[in-house]
Structures are given as structure tokens and as C-alpha cells.
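Just below is one structure, and these are the notes that go with it.
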Amino acid sequence: MANTPSAKKAVRKIERRTEVNRSRRSRVRTYLRKLEDALATGDATAASAAFKAAEPEIMRAVTKGVIHKNTASRKVSRLAARVKKLSA
Numbered sequence: 901m902a903n904t905p906s907a908k909k910a911v912r913k914i915e916r917r918t919e920v921n922r923s924r925r926s927r928v929r930t931y932l933r934k935l936e937d938a939l940a941t942g943d944a945t946a947a948s949a950a951f952k953a954a955e956p957e958i959m960r961a962v963t964k965g966v967i968h969k970n971t972a973s974r975k976v977s978r979l980a981a982r983v984k985k986l987s988a
């Protein structure tokens, strides 16, 4: 357990930050779920629209430090390939 005042403050800060990050991560997952649903139905226009909405959200998570840059790039790349394959 945190004993010093600075450690207690750090615990409070971490709790607040965890809530924010949990919300951001959930938001990214929601966008990814919508994209997965669009891909599953086979609707190319819906998948393309969902991808255009999801990609900035994923990159925003990177700038906020929720996910790593390379992880986001890998996800976006793989999703773009799946959307392109569906459109072809």
C-alpha cells in the first residue's frame, strides 16, 4: 500500500488515467466491431465506410498512448487489405 503522500497521489492519478484509457480502448473496440460486422455481411460500401471511421480512431488511440504505434499500423494494414479484398 502507498505510504508517502506522493505515492498516494500517484495512485489517485493512475486511477483517473486508467478510467480514461479504458474508455478509449472500449471506443476503439466498438469501431473495430462495427467494421468486423460490415466485413462479415460482405457489404463493400458499408465496410469501406466503417474502415474510414475506424482508422482515425485507432490512430487517435496511438497518440493518446492507449496502443502502440506498430500495433495500430499492423491492425490498420490488415483491415485495409480485408476491405480491399472485399471490394475487388
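The sequence shown begins at 901 in the numbering used here and counts up by one.
Note that the Cβ used here is the ideal one computed from N, Cα and C, for glycine as well.
Please report how far the alpha carbon of residue i lies from the alpha carbon of residue j, in whole angstroms.
i	j	result
Val-962	Tyr-931	15 Å
Arg-942	Met-959	Looking at the sequence shown, residue 942 is not Arg but Gly. Looking at the two C-alpha atoms, the distance is approximately 25 Å.
Lys-909	Lys-964	22 Å
Ser-923	Pro-905	28 Å
Ala-953	Lys-969	18 Å
Assuming residue i and residue j are in contact, meaning their beta carbons sit under 8 Å apart, how far apart are those beta carbons, in whole angstroms?
i	j	result
Val-983	Phe-951	5 Å
Please state if the CB of residue j and the CB of residue i are separated by a distance shorter than 8 Å.
i	j	result
Ala-949	Leu-939	no
Leu-935	Leu-986	no
Arg-925	Val-976	no
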